[in-house]
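J.:
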Amino acid sequence: MADARREPLYNIIGPIFAKHKQYTGQEPPDEYLDKVWKSISHLDGSMTALENANVRDFDNVIKCGLLKTKLGGKYIPVPVNNPYTAGNPAINSPATLQTWMRAKYQCENF
Numbered sequence: 764m765a766d767a768r769r770e771p772l773y774n775i776i777g778p779i780f781a782k783h784k785q786y787t788g789q790e791p792p793d794e795y796l797d798k799v800w801k802s803i804s805h806l807d808g809s810m811t812a813l814e815n816a817n818v819r820d821f822d823n824v825i826k827c828g829l830l831k832t833k834l835g836g837k838y839i840p841v842p843v844n845n846p847y848t849a850g851n852p853a854i855n856s857p858a859t860l861q862t863w864m865r866a867k868y869q870c871e872n873f
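Using the working numbering, the first residue of the sequence shown is number 764, and each one after it goes up by one.
1) Of the residues Asp820, Trp863, Pro852, Lys801, which one's Cα is nearest the Cα of Glu770?
2) Could you check the C-alpha separation between Tyr847 and Lys867 for me, to the nearest Å?
3) Taking just the CA atoms, how far does Ala816 sit from Tyr795?
4) Under the three-state reduction of DSSP, which class applies to Ala858: helix, strand or coil?
5) Does DSSP classify Tyr868 as helix, strand or coil?
6) I need the straight-line Cα distance from Asn844 to Met864, nearest angstrom please.
7) Can you name, in chain order, every residue of its own chain whose Cβ lies under 8 angstroms from the Cβ of Val841, other than the five neighbours on each side?
8) For the segment 791-870, which segments carrying the beta strand (DSSP E) assignment without a break, of at least 3 residues, lie completely within its bounds, in sequence order?
9) Compare the C-alpha of Ser809 against each of Gln869, Gly788, Gly850, Asn774 and name the closest.
10) Among residues of its own chain, excluding the 5 on either side of Pro791, which ones have a beta-carbon nearer than 7 angstroms to its beta-carbon?
11) Measuring CB to CB, does Gly788 end up less than 8 angstroms from Tyr838?
12) Which same chain residues end up closer than 8 angstroms to Asp822 when comparing Cβ atoms and leaving out the 5 residues on each side of it in sequence?
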């Protein structure tokens, strides 16, 4: 049921995300994620409304999953937990994904 409620947003997000190359470390992860997320920022109201109307229909786990679809090369697969951060927290939100990407980028490029 939740998938059906998200489908209209996915239909809008898909073509927008398709305009962005897969992330393979070609630029700092903060710049890339900001660019990708800003490209769908006009949908924030719809995502929030869906989340508020139906708990967890468009929560951080879903948003993280969307961003993970843009990763490629050395950045896939994304581990379940962040091995670079103390306590190995789960990578299940845009913020935790960004933290992992920063650390991975540092390891791969410096």
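A virtual CB, placed ideally from N, CA and C, is assigned to each residue, including glycine.
T.: Result, derived from the coordinates:
1) If you compare the alpha carbons of Asp820, Trp863, Pro852, Lys801 with that of Glu770, the shortest gap goes to Asp820.
2) 8 angstroms
3) Tyr795 and Ala816: Cα-Cα distance of roughly 30 angstroms.
4) helix
5) helix
6) The straight-line gap from Cα to Cα measures roughly 12 angstroms.
7) Lys831, Leu834, Ile854, Leu860, Trp863
8) Within the segment 791-870, there are no complete beta strand (DSSP E) runs of at least 3 residues.
9) Residue Asn774 is the option with its Cα nearest to Ser809.
10) Tyr868
11) yes
12) Glu814
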